[in-house]
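Student: Those sequence lines, one after another, are chains A and B.
So for the first sequence, numbering that gives the first Met the number 0 puts the first residue at 0; every next one is plus one.
So for the second sequence, numbering that gives the first Met the number 0 puts the first residue at 0; every next one is plus one.
Backbone N, C-alpha and C define an ideal beta-carbon position, used for all residues, glycine too.
No experiment lies behind these values; they were computed from the predicted model shown.
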Amino acid sequence: MRSLALLLAAVAASTLTLACAVPGSQVLRSNSLEYLYPEGAEPAPAQDVTLQIPVRVGLAFAPGGTGTAWTPPHPISEDQRVALLERIGAAFRQQQDIIGGIEVIPSTYLTPGGGFENLDRLRAAFGVDLMVLLSYEQTRFSDTTGASLAYWTVLGAYLVKGEKNETRTILEAVVYDITSRALLFRASGSSASTARATPIGVGRVAREEGAAGFETATDELIASLQVALDAFKEQASQGTVRGVGTPALSVVDASGAAVQPGGGGAGSVGALELVAAGLLVMAAAAGRRRNRAAR
Amino acid sequence: MTLAGAVVAAVPGAATALEYRWEPVAAGDLWRPFTGQLTHWSARMAILDLGALLLLGAWLEMSAPRLARWTMLAGSGAVALALPLVMAPGAAYRGASGIATALMVALALHLACGGSSPLARAVAWAALVLLAAKIAAEILTGRALAAGPLPAGVSVVPQVHLVGGAVAAATFWLLGRGRPGKGLTAPPGTPP
Numbered sequence: 000m001r002s003l004a005l006l007l008a009a010v011a012a013s014t015l016t017l018a019c020a021v022p023g024s025q026v027l028r029s030n031s032l033e034y035l036y037p038e039g040a041e042p043a044p045a046q047d048v049t050l051q052i053p054v055r056v057g058l059a060f061a062p063g064g065t066g067t068a069w070t071p072p073h074p075i076s077e078d079q080r081v082a083l084l085e086r087i088g089a090a091f092r093q094q095q096d097i098i099g100g101i102e103v104i105p106s107t108y109l110t111p112g113g114g115f116e117n118l119d120r121l122r123a124a125f126g127v128d129l130m131v132l133l134s135y136e137q138t139r140f141s142d143t144t145g146a147s148l149a150y151w152t153v154l155g156a157y158l159v160k161g162e163k164n165e166t167r168t169i170l171e172a173v174v175y176d177i178t179s180r181a182l183l184f185r186a187s188g189s190s191a192s193t194a195r196a197t198p199i200g201v202g203r204v205a206r207e208e209g210a211a212g213f214e215t216a217t218d219e220l221i222a223s224l225q226v227a228l229d230a231f232k233e234q235a236s237q238g239t240v241r242g243v244g245t246p247a248l249s250v251v252d253a254s255g256a257a258v259q260p261g262g263g264g265a266g267s268v269g270a271l272e273l274v275a276a277g278l279l280v281m282a283a284a285a286g287r288r289r290n291r292a293a294r
Numbered sequence: 000m001t002l003a004g005a006v007v008a009a010v011p012g013a014a015t016a017l018e019y020r021w022e023p024v025a026a027g028d029l030w031r032p033f034t035g036q037l038t039h040w041s042a043r044m045a046i047l048d049l050g051a052l053l054l055l056g057a058w059l060e061m062s063a064p065r066l067a068r069w070t071m072l073a074g075s076g077a078v079a080l081a082l083p084l085v086m087a088p089g090a091a092y093r094g095a096s097g098i099a100t101a102l103m104v105a106l107a108l109h110l111a112c113g114g115s116s117p118l119a120r121a122v123a124w125a126a127l128v129l130l131a132a133k134i135a136a137e138i139l140t141g142r143a144l145a146a147g148p149l150p151a152g153v154s155v156v157p158q159v160h161l162v163g164g165a166v167a168a169a170t171f172w173l174l175g176r177g178r179p180g181k182g183l184t185a186p187p188g189t190p191p
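1) State the beta-bridge partners of A:Phe184 as determined by DSSP.
2) Give me the chain A residues within the contact set of B:Val122, using Cβ-Cβ distance strictly less than 7 Å, ordered along the chain.
3) At the level of alpha carbons, what is the spacing between A:Leu170 and A:Val258?
4) In whole angstroms, what is the alpha-carbon distance linking A:Gly242 and B:Pro148?
5) Does DSSP put B:Leu144 in a helix, a strand or coil?
6) Who are the Cβ neighbours of A:Ser192 in its own chain at under 7 Å, not counting the five residues just before and after it?
7) If I measure Cβ to Cβ from A:Ala181 and keep anything under 6 Å in the same chain, skipping five residues before and after, which residues do I get?
8) Would B:Glu22 count as contacting chain A if we go by Cβ distances under 8 Å?
9) From the beta carbon of A:Val268, is the nearest beta carbon of chain B less than 8 Å away?
10) With DSSP as the reference, label A:Asp128 as helix, strand or coil.
11) Does the distance from the CB of B:Ala249 to the CB of B:Arg120 come in under 8 Å?
12) Would you mind stating whether B:Ala45 and B:Leu108 have Cβ atoms separated by less than 8 Å?
13) Against chain A, does B:Val166 count as a neighbour if the rule is that its beta carbon must be under 8 Å from one of theirs?
14) Have a look at B:Trp21 and A:Val159 and give me their C-alpha separation to the nearest angstrom.
15) For B:Ser75, would you say it is in contact with chain A, using Cβ-to-Cβ distances shorter than 8 Å as the test?
16) Is the Cβ of A:Arg203 closer than 8 Å to any Cβ of chain B?
17) For A:Arg162, which of A:Thr168, A:Val174, A:Leu148, A:Ala172 has the nearest alpha-carbon?
18) On the CB-based measure, 16 or more other CB atoms within 10 Å of its CB, does A:Pro42 come out buried or exposed?
19) If you draw a straight line from the C-alpha of A:Ala282 to the C-alpha of B:Ala126, how long is it?
20) Quick one: list the residues of chain B neighbouring A:Lys163, beta-carbon separation under 7 Å, in chain order.
21) Suppose you measure from the CA of A:Thr168 to the CA of A:Gly188; what does that come to, to the nearest Å?
22) Could you tell me which chain B residues have their CB closer than 7 Å to the CB of A:Arg289, listed as they occur along the chain?
23) Which residues in the same chain as A:Arg139 place their Cβ atom closer than 7 Å to its Cβ, once the five residues preceding and following it in sequence are excluded?
24) Find the nearest neighbour of A:Thr248 within the set A:Thr110, A:Leu183, A:Leu271, A:Gly264, judged by alpha-carbon distance.
25) Is B:Met0 close to chain A, meaning its C-beta is less than 8 Å from at least one C-beta of that chain?
26) Where does B:Trp69 land, buried or exposed, given buried means 16+ other C-beta within 10 angstroms?
27) Determine, using beta carbons only, whether A:Ser134 and A:Ser29 come nearer to each other than 8 Å.
28) Name the chain B residues whose beta carbon is nearer than 7 Å to that of A:Glu85?
29) Which residues of the segment 129-149 of chain A have a Cβ closer than 8 Å to any Cβ of chain B? Give them in chain order.
30) Quick check on A:Thr152: buried or exposed, where buried means 16 or more other Cβ atoms within 10 Å of its Cβ?
31) Alpha carbon to alpha carbon, how far is B:Gly56 from B:Arg43?
32) Determine whether the Cβ of B:Met71 lies closer than 8 Å to any Cβ atom of chain A.
33) Does B:Ala26 have its Cβ less than 8 Å from a Cβ in chain A?
34) Could one say the Cβ of B:Leu47 lies closer than 8 Å to chain A's Cβ atoms, at least one of them?
35) Report yes or no: is there a C-beta of chain A within less than 8 Å of the C-beta of B:Gly94?
36) Would you kindly report the start and end of the unbroken alpha helix (DSSP H) that includes A:Tyr108?
Rendered as structure tokens:
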């Protein structure tokens with residue numbers, strides 16, 4: 000009788016464990032559009048853009064979800080977010096001709112639905128001209144495989160990886176000129192991964208996969224940002240932000256003089272070449288006079 | 000060529016339509032690597048480039064017409080081919096200094112190896128050394144030496160000078176190292 004009671008207790012424990020690992024999905028997201036244009040706010044049209052280079056650029060994650068116990072505001076910690084922003088900032092810093100400084104802005108400075116008024120305050124506080132806002136959508140699928148039968152042994156719930164976690168991450172960056180409210184360019188990166196876990200470790204594996212998904216998506220985002228920035232420079236040379244119908248764009252230096260967008264190369268004869276050319280022609284002329292005199 | 004460059008400099012908008020830029024070239028504007036060498040960023044730059052081109056080209060044409068023509072042809076072609084390699088996507092290129100450098104090297108080699116006076120040979124070698132040192136310094140340091148003012152965001156491309164100079168040297172060598180009697184230079188005693 001005692002043995003039967005123990006068996007029933009084990010079965011009940013296994014059933015509970017399985018109940019915790021039912022198949023399902025979880026979507027974690029933050030959205031730049033919802034942050035900049037909150038519901039009910041009147042969207043202000045973008046103005047023409049004047050970029051005074053070098054520009055200072057702010058980097059931040061758009062505010063995340065509701066932040067309840069079941070849906071955390073961000074799937075990764077603030078430290079991890081700052082580390083990702085630093086990596087993206089390092090890629091921007093390579094553009095020394097146009098980027099004067101990078102400021103990583105902690106999430107606490109961004110109010111959900113804060114809109115451009117929030118960005119104006121950040122501009123004043125951090126002295127940034129452009130803002131790179133990162134938004135993401137991470138979907139976590141969880142399925143139970145056939146190996147989960149081993150959970151009925153109780154020990155199997157600790158040893159057998161019968162849970163399959165799939166994580167898909169999309170990371171998108173939008174670059175706004177704060178003063179004109181104009182979207183300059185955007186880029187995105189994504190990742191997808193699958194991992195197996197025991198029902199006991201499924202939460203930990205999901206978090207690790209989630210963080211790894213952000214890392215991989217950030218790699219792709221950085222490469223995509225470089226391409227987008229080059230395309231933006233090319234577009235800027237045409238005088239508009241993103242083509243016909245979008246705000247006009249002019250680039251000036253600190254003194255207000257127009258700058259060649261995208262950079263320019265000059266095949267320019269300098270003072271040293273002129274001196275060399277002058278000496279050569281004088282030497283040739285002297286040689287010619289000498290030849291004539293000899294004749 | 001100097002005249003064409005002067006016309007391009009005088010007509011508003013012509014420089015933008017003819018300058019080198021990779022994206023229009025990829026879209027089919029195959030003339031831009033060549034016509035870009037006729038365009039300039041400023042009137043000062045146009046005067047210096049075209050002035051050097053006129054001075055060196057005219058003198059070389061009088062002294063060694065065959066060398067002058069082949070140097071112009073090979074120099075402009077080599078610079079046109081080099082531009083996609085040395086210019087970043089999105090960046091524009093303007094300037095005739097690649098051809099001017101080619102003509103300068105050709106004239107210097109012509110003087111140095113063509114039976115001139117010792118003084119002329121010394122001056123020619125000094126000019127070559129000066130030019131080589133300047134190009135090397137500019138490529139190694141990434142900074143232009145005595146280039147004069149250019150618009151913001153525009154920098155000198157010394158690789159173009161290197162290509163022009165190297166092609167001129169190769170042209171001079173291929174045409175018979177400037178020896179009289181090989182058609183490269185006028186033999187002594189021939190009226191200029």
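Tutor: In short:
1) As computed with DSSP, A:Phe184 is found in a beta bridge with A:Val174.
2) For B:Val122, the neighbours in chain A by C-beta distance under 7 Å run, in chain order, Leu278, Leu279, Ala282.
3) For A:Leu170 and A:Val258, the distance between alpha carbons rounds to 32 Å.
4) Cα to Cα, the separation comes out at about 31 Å.
5) Correct three-state label for B:Leu144: coil.
6) Result list for A:Ser192: Thr166, Glu208, Ala211, Gly212, in chain order.
7) Hits under 6 Å: Ala45, Val48, Val240, Pro246.
8) With a threshold of 8 Å between beta carbons, B:Glu22 makes contact with chain A.
9) With 8 Å as the cut-off, A:Val268 counts as an interface residue toward chain B.
10) If DSSP states are grouped into helix, strand and coil, A:Asp128 belongs with coil.
11) It is not possible to answer for residue 249 of chain B, since the shown part of chain B is limited to 0 through 191.
12) No, these two residues do not count as a Cβ contact at 8 Å.
13) So, not an interface residue.
14) When rounded, the distance between both Cα atoms is 57 Å.
15) Not closer than 8 Å to any Cβ of chain A, the Cβ of B:Ser75 fails to qualify, so no.
16) No - not a single Cβ of chain B is within 8 Å of the one on A:Arg203.
17) Contrary to the premise, residue 162 of chain A reads as Glu rather than Arg in this sequence. The shortest CA-to-CA distance from A:Glu162 to any of A:Thr168, A:Val174, A:Leu148, A:Ala172 is the one to A:Leu148.
18) So A:Pro42 ends up on the exposed side.
19) The C-alpha of B:Ala126 is placed about 11 Å away from the C-alpha of A:Ala282.
20) For A:Lys163, there are no C-beta contacts with chain B under 7 Å, since the nearest C-beta of that chain is about 43 Å from it.
21) Straight-line Cα distance between these residues: approximately 8 Å.
22) For A:Arg289, the residues of chain B that pass the 7 Å Cβ criterion are Ser116, in the order they occur in the chain.
23) By the criterion of a C-beta distance shorter than 7 Å, A:Arg139 is surrounded in its chain by Ser24, Gln25, Asn164, Thr166, Ala205, Gly209, once the five residues flanking it on both sides are discounted.
24) Correcting the residue identity first, residue 248 of chain A is Leu in this sequence and not Thr. For the residues A:Thr110, A:Leu183, A:Leu271, A:Gly264, the minimum Cα distance to A:Leu248 belongs to A:Leu183.
25) So no, B:Met0 is outside the interface.
26) Buried, by the Cβ-count rule.
27) For A:Ser134 and A:Ser29, yes; Cβs fall inside 8 Å.
28) Listed along the chain, the chain B residues whose CB falls inside 7 Å of the CB of A:Glu85 amount to none; the nearest CB is some 26 Å away.
29) Only those residues of the segment 129-149 of chain A whose C-beta falls short of 8 Å from the nearest C-beta of chain B would be listed, and there are none.
30) By the neighbour-count rule (16 or more Cβ atoms within 10 Å), A:Thr152 is not buried but exposed.
31) Note on geometry: alpha-carbon atoms of B:Gly56 and B:Arg43 lie some 19 Å from one another.
32) Under the Cβ criterion of 8 Å, B:Met71 is not counted among the residues facing chain A.
33) So no, B:Ala26 is outside the interface.
34) Yes, its Cβ sits closer than 8 Å to a Cβ of chain A.
35) At a cut-off of 8 Å, the C-beta of B:Gly94 has a neighbouring C-beta in chain A.
36) Unbroken run through A:Tyr108: none, as it is neither H nor E.
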